[in-house]
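What follows is one structure encoded as structure tokens, with my remarks underneath.
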DNA sequence: CTGAAAGCGCTAACAC
DNA sequence: GTGTTAGCGCTTTCAG
């Protein structure tokens with residue numbers, strides 16, 4: 001494998017000159033530049049990032065922490081991150097933590113080991129203490145999930161407001177018995193969405209009934225099925241359900257269908273995230289859309305800014321209620 | 001940031017000794033080892049991968065090329081790759097090519113630049129000429145999609161046989177008018193699955209009718225909807241449909257429902273891949289299951305073997321027809 | 001058992 | 001405009 005020395009020798013110049021050509025530094029005469037370029041071609045030379053990165057003490061790799069790659073919610077965000085990264089000559093290292101602290105540690109070490117220049121964390125279950133420690137020394141951005149009052153910059157949406165609007169939509173449709181399928185309330189977004197749910201109910205003098213509030217451990221379809229099963233066993237069944245993720249809502253829909261009830265006639269249903277499947281269900285799912293691509297690109301831009309040493313501010317992006325068949329009575 | 005020199009000075013030893021401790025080389029007296037370890041702790045030292053990798057001329061990064069992260073088919077494969085990689089002290093760089101040659105080039109350069117030690121390609125649209133060139137110099141494995149008669153080792157399933165079995169299942173159910181929703185036949189798997197489809201029809205003396213064969217550009221839901229719409233416009237409608245991916249089948253199901261027909265009574269339906277959503281549709285989808293996790297871990301093991309300089313052989317894994325509601329008349 | 005020193009491939013002063 | 005050289009952080013001979 002050819003290296004910079006071989007090129008220098010072949011071109012009859014010094015390594016410094018080769019480096020100058022490689023980095024497009026202007027102070028090289030057209031004649032020498034030509035010589036170098038032809039030597040590069042002759043030897044089929046490709047500069048080694050390893051050497052360059054060591055010298056520049058940077059890896060040009062961004063770490064992206066997600067709990068699970070199989071949650072479609074993340075795919076568009078990742079697209080946004082990746083495109084922005086590539087446009088800035090970075091690459092991303094996608095890291096599935098499975099919300100497993102050991103896995104997480106491996107990745108945290110990568111940044112300590114200089115194998116990554118910064119981190120975008122989307123894991124709601126991330127160890128915040130460690131993340132905060134890391135943030136003292138390395139550039140870190142939180143995306144979607146964040147720590148209230150924390151010092152790590154984040155990009156997210158107003159979860160409380162989004163939930164409030166979704167539930168208000170159900171109320172306006174005439175629903176008075178509205179259930180909530182929430183994820184684990186150790187997560188900030190879960191607490192925020194519950195707050196929005198409760199605010200809407202209170203505003204219209206509807207009671208908050210614990211038996212209509214289900215919490216799930218995870219966001220898989222199966223969790224939605226289980227939660228809905230529980231709700232349907234209540235003596236007084238809800239007439240509408242707000243689920244904090246489309247995957248949960250799709251599971252709920254499956255269970256509603258299985259018990260011979262109809263959406264939206266018997267039970268109206270709203271999900272969250274606007275994943276692509278949510279338009280394939282029968283009926284199609286009303287859902288809250290987050291600007292996922294933009295969230296990703298914003299997070300990446302913030303991180304790259306932070307790596308450059310800029311001060312970056314947290315950002316709240318807009319959301320939108322997408323009304324489809326599951327709430328069209 | 002502390003480096004190996006600082007640790008050496010603090011411990012009162014040479015950098016060589018620190019390196020020995022770091023790499024668990026036995027020829028270090030317990031006493032010095034202790035000194036070094038305490039110095040490492042004191043200084044909060046983390047070895048730099050950049051330096052280590054340059055010295056060892058390896059990056060311990062594996063490149064994984066996929067056409068699109070949003071296709072759920074890949075998620076389990078990636079899990080398999082990732083777990084195997086981590087177990088062997090590698091990390092993976094997940095690269096979405098969008099089947100875009102420019103994007104692909106960026107990633108191909110990464111391996112030339114020594115930023116990755118090897119490649120697992122899952123992109124059916126990959127530029128085979130370039131991949132073959134690259135394979136002369138670097139370790140490369142193909143996963144799922146491959147080149148017939150090529151020299152790059154691969155792991156896959158028997159697509160022809162899988163399609164044959166799926167269609168035979170439809171025939172055994174009494175169907176005589178069986179349509180095929182295939183992807184672009186520039187892809188090997190598409191040609192293989194078509195062959196299997198035709199073999200089953202021929203074996204039972206059923207005609208192969210071009211108007212019952214649809215080809216789509218991509219594997220999105222929307223493509224399945226379009227294809228099914230075309231099939232339903234035929235003067236003689238098929239009584240069963242075999243789609244070469246679950247996403248296509250789910251789109252087809254959506255369209256069948258929209259035209260007031262029932263699956264499986266009016267039209268039986270089979271997909272391919274057993275993505276998690278295929279169990280959430282109504283009715284649930286009969287599909288061909290591939291051992292995705294195993295495919296991923298096998299590919300990773302093959303690649304790591306190849307990096308070590310081993311000779312690796314291509315592998316064909318088993319598949320399974322998963323019969324669910326969409327073919328239960 | 002330990003240390004000195006070379007060198008992986010590159011960039012950036014500094015000198016001319 | 002171009003060359004010389006130090007050094008990024010690490011591993012690994014080779015001596016002792």
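Residue numbers (the UniProt record's numbering), protein chains in the order written: chain A, 1 to 329; chain B, 1 to 329. Cβ coordinates follow ideal geometry from the N, Cα and C atoms, glycine included. All of these numbers come straight from a predicted model, not from anything done at the bench.
Presumed contact (8 Å Cβ cut-off) between residue i and residue j, rounded CB distance
i, j, result
"residue 307 (chain A)", "residue 139 (chain A)", "5 Å"
"residue 141 (chain A)", "residue 303 (chain A)", "5 Å"
"residue 143 (chain B)", "residue 16 (chain B)", "Contact flag wrong, Cβ pair sits at about 41 Å."
"residue 351 (chain B)", "residue 74 (chain B)", "Here chain B has residues from 1 to 329 only, and residue 351 (chain B) is not among them."
"residue 265 (chain B)", "residue 329 (chain B)", "7 Å"
"residue 177 (chain B)", "residue 238 (chain B)", "5 Å"
"residue 241 (chain B)", "residue 269 (chain B)", "5 Å"
"residue 196 (chain B)", "residue 155 (chain B)", "So it is not a contact: roughly 19 Å between Cβ atoms."
"residue 221 (chain B)", "residue 250 (chain B)", "6 Å"
"residue 309 (chain A)", "residue 78 (chain A)", "About 26 Å; that fails the 8 Å criterion."
Residue nearest to residue i in terms of C-alpha spacing, selected from the options
i, options, result
"residue 183 (chain B)", "B:232, B:271, B:155", "B:271"
"residue 207 (chain B)", "B:179, B:57, B:325, B:192", "B:179"
"residue 311 (chain B)", "B:11, B:301, B:320", "B:301"
"residue 255 (chain B)", "B:80, B:71, B:275, B:232", "B:232"
"residue 146 (chain A)", "A:124, A:205, A:130", "A:124"
"residue 305 (chain A)", "A:63, A:118, A:127", "A:118"
"residue 215 (chain B)", "B:186, B:204, B:68", "B:186"
"residue 120 (chain B)", "B:4, B:65, B:13", "B:65"
"residue 330 (chain A)", "A:159, A:275, A:10, A:22", "In the structure as shown, chain A begins at 1 and stops at 329. Residue 330 (chain A) is therefore absent and cannot be evaluated."
"residue 60 (chain B)", "A:226, A:309, A:93", "A:93"
"residue 350 (chain A)", "A:158, A:326, A:217", "Residue 350 (chain A) lies beyond the range of chain A shown here (1 to 329); nothing can be said about it."
"residue 103 (chain B)", "B:7, B:325, B:67, B:114", "B:67"
"residue 114 (chain A)", "B:25, B:54, B:319, B:322", "B:54"
"residue 212 (chain A)", "A:56, A:204, A:205, A:229", "A:229"
"residue 341 (chain B)", "B:49, B:257, B:252", "Past the edges of chain B, shown from 1 to 329, lies residue 341 (chain B), and the structure says nothing about it."
"residue 371 (chain B)", "B:234, B:127, B:204", "Here chain B has residues from 1 to 329 only, and residue 371 (chain B) is not among them."
Three-way DSSP call (helix, strand, coil) for residue i in this model
i, result
"residue 271 (chain A)", "strand"
"residue 154 (chain B)", "strand"
"residue 261 (chain B)", "coil"
"residue 12 (chain B)", "coil"
"residue 136 (chain A)", "helix"
"residue 118 (chain B)", "strand"
"residue 161 (chain B)", "helix"
"residue 287 (chain B)", "strand"
"residue 325 (chain A)", "helix"
"residue 58 (chain A)", "coil"
"residue 242 (chain A)", "strand"
"residue 96 (chain B)", "strand"
"residue 25 (chain B)", "coil"
"residue 79 (chain A)", "helix"
"residue 91 (chain B)", "strand"
"residue 131 (chain A)", "helix"
"residue 44 (chain B)", "coil"
"residue 113 (chain B)", "coil"
"residue 210 (chain B)", "helix"
"residue 232 (chain A)", "helix"
"residue 2 (chain A)", "coil"
"residue 182 (chain B)", "strand"
"residue 316 (chain B)", "strand"
"residue 50 (chain A)", "helix"
"residue 105 (chain A)", "helix"
"residue 368 (chain A)", "Examination of residue 368 (chain A) is not possible in this model, given that chain A is present from 1 through 329 alone."
"residue 69 (chain B)", "coil"
Does the segment 162 to 181 of chain A come close enough to the segment 128 to 136 of chain A to have 3 or more Cβ pairs within less than 8 Å? no
Give, in chain order, every residue of the segment 104 to 115 of chain A whose Cβ lies closer than 9 Å to some Cβ of chain B. 106, 107, 109, 110, 112, 113, 114, 115
For the 8 Å Cβ check, are there 3 or more pairs between the segment 26 to 38 of chain B and the segment 76 to 89 of chain B? no
Below 8 Å, how does it come out for the segment 242 to 249 of chain B and the segment 281 to 290 of chain B: are there three or more Cβ pairs, yes or no? yes
At a cut of 8 Å, does the segment 149 to 163 of chain A reach the segment 194 to 202 of chain A through at least three beta carbon pairs? yes
Do the segment 36 to 54 of chain A and the segment 97 to 107 of chain A meet, that is, are 3 or more Cβ pairs less than 8 Å apart? no
I want to know whether the segment 284 to 295 of chain B touches the segment 255 to 262 of chain B - three or more CB-CB distances under 8 Å. no
Please list, in chain order, the residues of the segment 67 to 91 of chain B that have any C-beta partner in chain A closer than 8 Å. 69, 70, 72, 75, 76, 78, 79, 82, 86, 91
Could you list the residues in the segment 253 to 268 of chain B with a C-beta less than 7 Å from some C-beta on chain A, going in chain order? 254, 257
Between the UniProt domain "HTH lacI-type" (2 to 56) of chain A and chain B, which residues of the former have a C-beta closer than 8 Å to a C-beta of the latter? 46, 47, 48, 49, 50, 51, 53, 54
Quick one, which residues of the segment 276 to 290 of chain A are near chain B if we go by CB-CB under 7 Å, in chain order? 276, 277, 280, 282
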